[in-house]
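Enquirer: Sequential numbering from 91 applies to the sequence shown in this note's numbering.
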Amino acid sequence: MPNLIHLLPDNVANQIAAGEVVQRPASVVKELIENSLDAHAKNITLIFRDGGKTLIDIIDDGSGMSVTDARMSFERHATSKINKSEDLFSLQTMGFRGEALASIAAVAQVEMKTRKHEDELGTRICLEASDVKIQEPGSFPAGTRIIVKNLFFNVPARRNFLKTDAIETRHIMDEFIRIALCRNDISFQLFNEEEQVYDLPASTPGKRISDLFGKGYLENLIPFQEHSEYLSLEGFISRPDFLKKTRGEQFLFVNERIVKHPYIQHAIISAYESLIPPGTFPFYMLKLNVDPARIDVNVHPAKTEIKFEDERLVYSIVLNILKRVLGNASLIPQLEIPVVSKTGLVENQSYQTGTVSPQTFSIPEYSKNYPAKDQTGFTQNISGAWNQFSGGTQLPKENKLFSDSELRATNEKNEHKNEPVQLFNQFILWPQEQELIVINQTYASERIVYEKYRKSASTKSGTGKQLLFPQTLQLNPADVMLLMESAEDIFAMGFDFNQLGKDTIVLHAVPEEVTFEELDNFFHQLLEGIKQNRSSYSQNRREFLLRIMAKKATIKPGKKLDPAEMKGLIEKLFSCEVKSYTPDGIPTFVMMTAQELNGRFLKKK
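1) If you follow the beta strand (DSSP E) that H317 is part of, which residue opens it and which one closes it?
2) With DSSP as the reference, identify every bridge partner of A599, one or two as the case may be.
3) Roughly how many angstroms separate the alpha carbons of E661 and V511, rounded to a whole number?
4) Between V222 and V112, which are expected to be in contact by the criterion C-beta below 8 Å, what is the C-beta distance as a whole number of angstroms?
5) Ignore the nearest five residues each way along the sequence and tell me which others in R298's own chain have a CB closer than 8 Å to its CB.
6) For P521, which residues in the same chain have their Cβ closer than 7 Å to its Cβ, ignoring the five residues on either side in sequence?
7) Do three or more CB pairs link the region 553–566 to the region 601–612 at distances below 8 Å?
8) Identify whether R696 lies in helix, strand or coil by the three-state DSSP scheme.
9) May I have the straight-line CA-CA distance separating F281 from I262, to the nearest angstrom?
10) Would you kindly work out how many angstroms separate the C-alpha atoms of D151 and K206, rounded to a whole number?
11) So what's Y671 in DSSP terms, helix, strand or just coil?
12) Just to confirm before moving on: does the CB-CB distance between L311 and S328 stay below 7 Å?
13) Sort out for me which residues DSSP pairs E525 with in a bridge.
14) Within its chain, find whatever has a CB closer than 8 Å to the CB of F517; leave out the 5 residues flanking it on each side and keep chain order.
15) Okay, do the region 248–255 and the region 356–365 touch, 3+ Cβ pairs below 8 Å being the bar?
16) Just to confirm the assignment, what range does the alpha helix (DSSP H) spanning S126 have?
17) Please report the residue range of the beta strand (DSSP E) in which V287 lies.
18) Check for me: the beta strand (DSSP E) holding Q512 runs from which residue to which?
19) Are the beta-carbon atoms belonging to L663 and I538 less than 7 Å from one another?
20) For L136, count the other beta carbons within 10 Å of its own beta carbon; 16 or more makes it buried, fewer makes it exposed. Which is it?
21) How about N310: is its Cβ closer than 6 Å to a heavy atom in the ligand COA?
22) By Cβ distance below 7 Å, which residues in the same chain neighbour V404 in space, the five residues on each side in sequence not counted?
23) Is the separation between the beta-carbon of Y547 and that of M583 shorter than 7 Å?
24) Please work out which residues of its chain come closer than 6 Å, Cβ to Cβ, to K669, disregarding the five sequence neighbours upstream and downstream, and give them in chain order.
25) Would you identify the three-state DSSP class for E324, choosing helix, strand or coil?
26) Go ahead and label V102 buried or exposed: buried means 16 or more other beta carbons lie within 10 angstroms of its beta carbon, across all protein chains shown.
27) Closest Cβ-Cβ distance between R690 and chain B: below 7 Å?
28) Could you tell me whether the Cβ atoms of K350 and T294 are closer together than 7 Å?
29) Would you check if the distance between the CB atom of Q315 and the CB atom of E309 is smaller than 7 Å?
30) Given that a residue counts as buried once 16 or more other Cβ atoms are within 10 Å of its Cβ, and exposed if not, what is N93?
31) Below 7 Å between beta carbons: does that hold for N515 and G658?
32) Would T605 and S535 be called neighbours here (beta carbons separated by less than 7 Å)?
33) So is K305 buried or exposed if we call it buried at 16+ other beta carbons inside 10 Å?
34) Residues bridged to I237 by DSSP?
35) Out of curiosity, what's the CA-to-CA distance linking Q105 and P330?
36) Just tell me which of K555, V380, S126, E523 has its CA closest to the CA of F278.
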């Protein structure tokens, strides 16, 4: 019987290794930019097309490579960053495995141009599926340029698993933002489809946040800088009145490496305990620096997971620091703080220094009680997906409460006979002959607006109220791109806007239900919902927009309605195709019969 075990060819082994390192175009961007940072580049340019599927081009002014090093860099496990196993515990670089370039070259067509600053000539290498096609000298700028074309061209199954260009573009933008946010000392440029999206000169951490997320962000953040004998922690945390519905804008860097660490994330959120409502999340950008010998970054090929030597101690220090930073900002835990507000500016934007207080805190055990990974958004089903976002339930069948014929009979029989009454500025009591209908004005208006928007969107007949003066909204460039992708669907609901520059949109018309004061908040929450639920949003973009816009355009609790407004709301609700529930399954009204009310007054046995 012949022997069965054999060594795999290098190109096959490289393709297998690429499956761990290169998961999508954004993975290529991350690995190549990290190589540029390790080469001490001060200026890095990223150019890509078609979501990175057909072109990724990284240009830097780093140290460059010699002819021999350039060729060796594409070999598996070839690196300049470590020499022995002990070096893994004193890493000062982003990369160390020696797998990135070999993995990328195994599944793409790659061209490298590189020159060391002291050399007159550089070298050009072209590879295809790990095979070197060309290596020749040439005159190139000092530094390195790597062009990756047709990713997964030789692995059709992998290419078929890639998402749409829009989704892959957003993944690249997210990766770029994370790196640029951490390394504010580096100048970055980003071009998508030959259009410049970001031009970020080297700057302060605060200025980099403003450049990436918008000028209004910094005024809602608390800057700090703290040191202890074990670690240093600095960065920005949001005030408890500047919250998000998603975890998308939470950034933790350890020794300048973006990491996911559920235990430390739990410490950060615990510092806000009793300050923020459940289901809301603060913005934070934290840079934690610790002796490299006290962490292990060799946990996962993507190098986004780490282990601390003493995780309980790190947890305690981080929690201690953040509690004191929030306390120094005069934030009182007993206050009930609204979810979204632009009030309360940070008066002193300078860093505060200090030492860690000896006060101790109880540290919860690491367990399955909190998620090990961030929520990634919706499920594949749009109804289930929306429920995850809104906290609703699956939409029951309409006949759960009572039939349409019963509703019509009640409505016709009692039209204008019994006057509705508002209760607590939230409920409408509508008495009938043998029952009482209690309508929730918020959920009823949500159903009404949803069906109105759905009809407008299906016929593309949405018309809004024209603004006397166009209103400008400043967003970060990535959000503007995301908004413009959905422009056609949003226009169908009564909005009219256009893009002005890379970070501004100009509004000309809005639906009647959206007030001028809500515009900024409306668009920010719309974008948050899209970013949190990308998969389901792409599958059914119009339905997603319909639901989130209906939620934002409701009659809010606390609004006093006059009799005419209540009657109008009742008439519109009972004219809806589905009247008993909101789009995500919350009842719009309940009915109590006279018998049920009498039962509440029976003597207890």
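Here a beta-carbon is modelled for each residue, glycine too, at the ideal position from N, C-alpha and C. Computed from a predicted model, the values in this text were never measured in an experiment.
Expert: Straight from the coordinates:
1) Where H317 is concerned, the enclosing beta strand (DSSP E) stretches over 311–317.
2) Residue pairing from DSSP places A599 in a beta bridge opposite Q556, D586.
3) Distance between the alpha carbons of E661 and V511 is about 15 Å.
4) The beta-carbon distance between V222 and V112, rounded to whole angstroms, is 19 Å. This is too long to meet the 8 Å contact definition.
5) Apart from sequence neighbours up to five positions away, the residues of its chain that approach R298 with a beta-carbon distance below 8 Å are A270, L271, N274, L290, ordered along the chain.
6) Beyond the five residues adjoining it in sequence on each side, P521 comes within less than 7 Å, by CB distance, of N508 in the same chain, given in chain order.
7) Taking 8 Å as the limit for Cβ pairs, the verdict is that the region 601–612 does touch the region 553–566.
8) Nothing about residue 696 can be read from this structure; the chain reaches only from 91 to 695.
9) Within the model, the alpha-carbon separation for F281 versus I262 is close to 11 Å.
10) If I take the Cα positions, the gap works out to 10 Å.
11) In this structure, Y671 counts as strand in the three-state DSSP scheme.
12) Cβ distance < 7 Å, so L311 and S328 count as in contact.
13) The beta-bridge partner set that DSSP reports for E525 consists of T683.
14) If the five residues before and after F517 are omitted, its C-beta is found closer than 8 Å to the C-beta atoms of V528, I529, N530, Q531, all from its own chain and listed in chain order.
15) Between the region 248–255 and the region 356–365 there are fewer than three inter-stretch CB-CB distances shorter than 8 Å, so the stretches are not counted as touching.
16) Taken as a continuous stretch (DSSP letters only), the alpha helix (DSSP H) holding S126 covers 115–128.
17) Residues 285–290.
18) Following the DSSP letters along the chain, one finds Q512 inside the beta strand (DSSP E) bounded by residues 511–513.
19) In this structure, the beta-carbon distance from L663 to I538 falls below 7 Å.
20) Buried, because 16 or more other Cβ atoms sit within 10 Å of the Cβ of L136.
21) Summarising the ligand content, the structure contains no ligands, and the ligand COA is consequently not present.
22) Excluding positions up to five away in sequence, the list reads L321, I354, F398.
23) Rather than Tyr, the amino acid found at residue 547 in this sequence is Ala. Closer than 7 Å, so yes.
24) Result list for K669: L663, in chain order.
25) E324 sits in a strand when the DSSP states are folded into three classes.
26) V102 is exposed by the Cβ-count criterion.
27) Looking at the structure shown, chain B is missing, and only one protein chain is on hand.
28) In this structure, K350 keeps its C-beta atom at 7 Å or more from the C-beta atom of T294.
29) Taking 7 Å as the Cβ cut-off, Q315 and E309 do not qualify as a contacting pair.
30) Answer is exposed; the Cβ neighbour count stays below 16.
31) Cβ atoms of N515 and G658: not closer than 7 Å.
32) It is not a contact, given that the beta carbons lie outside the stated cut-off.
33) With fewer than 16 other Cβ atoms within 10 Å, it is exposed.
34) In the DSSP assignment, I237 is bridged to D147, E201.
35) For the pair Q105 and P330, the Cα-to-Cα distance works out to about 47 Å.
36) Looking at the Cα atoms, S126 is the closest of the given residues.
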